[in-house]
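Peer 1: Just add 84 to the spot in the sequence shown (first one is 1) and you have the working numbering.
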Amino acid sequence: MADDTRPSSPGISPTGASRRRLIATAGTLFVLPVIPTAAQAATIVAVRTWPADEYTRVTLEMDSELKAQHFTLDNPDRLVVDIEGLTINATIRDLISKVRPNDPYIESVRVAQNRPDVVRLVMDLKQPIAPQVFTLKPIGEYKYRLVLDLYPKIAQDPLMAIMDGADTDPLAEVLEDLARNSPLPDAPVPSMPGQTLPPVARKPKPSAPAPAPKPSEPPAGRQSILIALDPGHGGEDPGAIGRNGTREKDIVLSIAKRLKKLIDAQPGMRAYLTRDNDYFVPLHVRVQKARRVKADLFISIHADAWIKPSARGSSVFALSQNGATSAAARWMAQRENDADLIGGVNLGSHNKQVAQVLLDLSTAAQINDSVRVGGNVLAEIGKINRLHKKSVERAGFAVLKAPDIPSILVETAFISNPEEERLLRSPAHQDKIARAMLEGVNDYFAARPALARRA
């Protein structure tokens, strides 16, 4: 194999050119926007990898923004990234050792000084990919970041077979069209790794768009109530961090897995995780995932934080279209909605109309049902933990904007409170939280005859 990290020759043979596929938008090479001067030589301060079945993310953190360009090669499959204004150092060489043997996409990484001010990364791939490469500005603890998201060219998505036989959903088609019209071509459909879902019966495609299903009406033909569980944060976004280093993303994933196990043991009920490992999922994708599986209920699980360690107690939130019910609720929604900035979303590939469509089509029925199920869950959690507020609060959480699925966000406790951080770390207390949420969910569905009969 040729050494792709070496300086390029002035001329490229027609054969070599035919093998090289530039990642382009409107026929031009995708170039990141800011070009530093020679005097602003950048330094790589950290490299991180986040492998998952859904996609692998590679992050290079730098002390200044850079210009980069990338292309793919086949036979064998490789991703080549040239970063300008950079000199190789020990930190970027660290990337070689960061690649894990179980990474679904990256076989190995080679790094070299391709030209005096250009470092070249060559990733040898296990399968063809559809890469997204973008930069993020400093936020929180992070400096500038160059993000490489490696999606499968052909998504290994167990939902595709289900969707082939599913009812037509007009809103889902709108969202798909908006995604297809994004600046980056062939944007991969988000996959849901390692999950088995109940079948959906096929119906004839309607001649005209039908209204979105009512929250209390289950999808026809499915034999189980399906609950989408959404562990907050993940990957680049750790969420809140307790005094003893407890990360929100780890705690909520553990609680979600425990709750999934309990739900799956219930007759006539199944649970689905929007993420089942440590990787980042954008907020709008979490909503889309729940809608694609036609979930009957969506529960986003979090652990609260406040500037004062004395704050404590559990809370439950539902969506509000008319302002938050309190200043604290407004602040909380803003903090959670900032997850996309911290975790890192390619804004160029996310059509802003998607978020607007979701918000505009959120119905009063969805919000009313969300408040009802939220009240049931809050009452049960109140039996095992102090409540921060004794009623369901309302705010504009982006992750609650599925227009046809009752959706709640549960702040299980304050991870910033040392005593509640200790409880959140306890497997026994995590089980108590999961069981309390299950009891609240059961109470809600018991009051919904059409759903309860199926269970």
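All C-beta atoms in this analysis are idealised placements derived from N, C-alpha and C, irrespective of residue type, glycine included.
Please read all numbers here as calculations on a predicted model, not as lab measurements.
Taking C-alpha atoms, which residue in Asp166, Thr330, Asn186, Asp187 lies nearest to alanine 497?
Peer 2: Selected option, being the one with the closest Cα: Thr330.
Peer 1: Here's a check: name, in chain order, each residue in its chain whose Cβ is nearer than 6 Å to the Cβ of proline 295, leaving out the five neighbours to either side.
Peer 2: Bear in mind that a pLDDT of 42 at proline 295, under 50, signals an unreliable position, so the number given afterwards is only what the model happens to contain. Contacts found: none.
Peer 1: Taking histidine 386 as part of the beta strand (DSSP E), name the residues at either end of that continuous run.
Peer 2: 381–388 is the span of the beta strand (DSSP E), which, as asked, contains histidine 386.
Peer 1: Count the CB pairs spanning the segment 390–409 and the segment 328–343 that are closer than 8 Å, and state whether there are at least three.
Peer 2: In short, these stretches do not touch, since the Cβ pair count stays below three.
Peer 1: Where aspartate 248 and arginine 199 are concerned, what is the direct C-alpha to C-alpha distance, given to the nearest angstrom?
Peer 2: Because the pLDDT at aspartate 248 is just 42, under 50, the model does not fix this residue reliably, and the value given afterwards should be weighed accordingly. Roughly 49 Å between the two C-alpha positions.
Peer 1: Which residue spans inside the segment 171–198 form an unbroken alpha helix (DSSP H) run of at least 4?
Peer 2: If we require 4 residues or more, the alpha helix (DSSP H) runs fully inside the segment 171–198 come out as 174–177, 179–182.
Peer 1: What's the gap between the Cα of valine 202 and the Cα of isoleucine 172?
Peer 2: Answer to the nearest angstrom: the Cα atoms are 9 Å apart.
Peer 1: Tell me the DSSP secondary structure of methionine 247 in three-state form.
Peer 2: Because methionine 247 carries a pLDDT of 39, less than 50, the predicted location of this residue cannot be relied on, and the following value inherits that uncertainty. It is helical.
Peer 1: The beta strand (DSSP E) with isoleucine 311 in it runs from where to where?
Peer 2: Run containing isoleucine 311: 309–315, per the beta strand (DSSP E) assignment.
Peer 1: Note the first and the last residue of the continuous beta strand (DSSP E) segment covering glutamine 405.
Peer 2: Careful: glutamine 405 lies outside any beta strand (DSSP E) and carries neither H nor E.
Peer 1: Between Asp388, Gln450, Ile176, Thr127, which has its C-alpha nearest valine 195's C-alpha?
Peer 2: The option with the nearest alpha carbon to valine 195 is Ile176.
Peer 1: In terms of alpha-carbon separation, which member of Gln450, Gly323, Val365, Ile167 lies closest to glycine 224?
Peer 2: Checking every option, the nearest Cα to that of glycine 224 belongs to Gly323.
Peer 1: When you compare only the Cα positions, how much space is there between serine 491 and aspartate 147?
Peer 2: Distance between the alpha carbons of serine 491 and aspartate 147 is about 40 Å.
Peer 1: State buried or exposed for asparagine 460, treating a residue as buried only when at least 16 other CB atoms are found within 10 Å of its CB.
Peer 2: Asparagine 460 should be labelled buried.
Peer 1: With distance defined between alpha-carbon atoms, name the residue in His368, Pro135, Ala126, Asn469 nearest to glutamate 503.
Peer 2: Nearest option by C-alpha distance: Asn469.
Peer 1: From this set, Thr143, Ala530, Pro511, Ile451, which residue's C-alpha is nearest lysine 341's C-alpha?
Peer 2: Out of Thr143, Ala530, Pro511, Ile451, Pro511 has the C-alpha closest to the C-alpha of lysine 341.
Peer 1: Does the segment 142–156 come within contact of the segment 228–240, defined as at least 3 CB pairs closer than 8 Å?
Peer 2: Judged by Cβ distances under 8 Å, the segment 142–156 makes contact with the segment 228–240, as three or more pairs qualify.
Peer 1: To the nearest angstrom, how far is the alpha carbon of leucine 157 from that of leucine 179?
Peer 2: Straight-line Cα distance between these residues: approximately 20 Å.
Peer 1: Does the segment 129–136 come within contact of the segment 160–170, defined as at least 3 CB pairs closer than 8 Å?
Peer 2: No, the segment 129–136 is not in contact with the segment 160–170.
Peer 1: Out of curiosity, what's the CA-to-CA distance linking leucine 346 and tyrosine 356?
Peer 2: Spanning the two alpha carbons is a distance of roughly 12 Å.
Peer 1: By a C-beta neighbour count over all protein chains shown, 10 Å radius and 16 as the cutoff for buried, is glycine 352 buried or exposed?
Peer 2: Flag for glycine 352 reads exposed.
Peer 1: Flag this pair as yes or no: are the beta carbons of alanine 374 and alanine 486 separated by less than 8 Å?
Peer 2: Yes, these two residues count as a Cβ contact at 8 Å.
Peer 1: Nearest CA to the CA of asparagine 430: which residue from Ser475, Gly318, Lys344, His368?
Peer 2: If we check each option's Cα against that of asparagine 430, His368 comes out closest.
Peer 1: Which residues in the same chain have their Cβ closer than 7 Å to the Cβ of serine 404, if we skip the five residues on either side of it in sequence?
Peer 2: If we look at serine 404 and ignore the five residues flanking it on each side, its Cβ neighbours are Arg478, Ala479, Gly480.
Peer 1: How many angstroms separate the CA atom of aspartate 362 from the CA atom of alanine 531?
Peer 2: Cα to Cα, aspartate 362 sits roughly 35 Å from alanine 531.
Peer 1: Give me, in chain order, the residues of the same chain whose beta-carbon lies closer than 6 Å to that of aspartate 388; leave out the 5 immediate sequence neighbours on both sides.
Peer 2: Excluding sequence neighbours, aspartate 388 sits near Glu495, Phe498.
Peer 1: Please report the Cβ distance between alanine 395 and histidine 317, rounded to the nearest whole angstrom; I am assuming they are in contact, meaning their Cβ atoms lie under 8 Å.
Peer 2: Incorrect: roughly 19 Å between the Cβ atoms, too far for contact.
Peer 1: Mapping DSSP to helix, strand and coil, what is arginine 370?
Peer 2: In the structure shown, arginine 370 sits in a helix (DSSP, three-state: H, G or I).
Peer 1: Helix, strand or coil for glycine 29? Go by DSSP, reduced to three states.
Peer 2: Shown here, the chain extends from 85 to 539; a query on residue 29 therefore has no answer.
Peer 1: Short of 8 Å in beta carbon distance, which residues of its chain neighbour glycine 466, apart from the five on each side in sequence? Order them along the chain.
Peer 2: Within the same chain, glycine 466 has close Cβ partners Ser398, Lys474.
Peer 1: Please classify alanine 520 as buried or exposed, where buried requires at least 16 neighbouring CB atoms within 10 angstroms.
Peer 2: Its Cβ being crowded by 16 or more others within 10 Å, alanine 520 is buried.
Peer 1: When burial is assigned at 16 or more other CB atoms within 10 Å of the CB, is lysine 392 buried or exposed?
Peer 2: Looking at its Cβ environment, which holds fewer than 16 other Cβ atoms inside 10 Å, lysine 392 is exposed.
Peer 1: When we look at the beta-carbon of proline 215 and count the other beta-carbons within 10 Å, is it buried (16 or more) or exposed?
Peer 2: Result: buried.
Peer 1: Work out the CA separation of aspartate 380 and proline 302 for me, nearest whole Å.
Peer 2: With a pLDDT of 45 at proline 302, under the threshold of 50, the modelled position of that residue is not reliable, and the figure given next carries that caveat. So the alpha carbons of these two residues sit roughly 6 Å apart.
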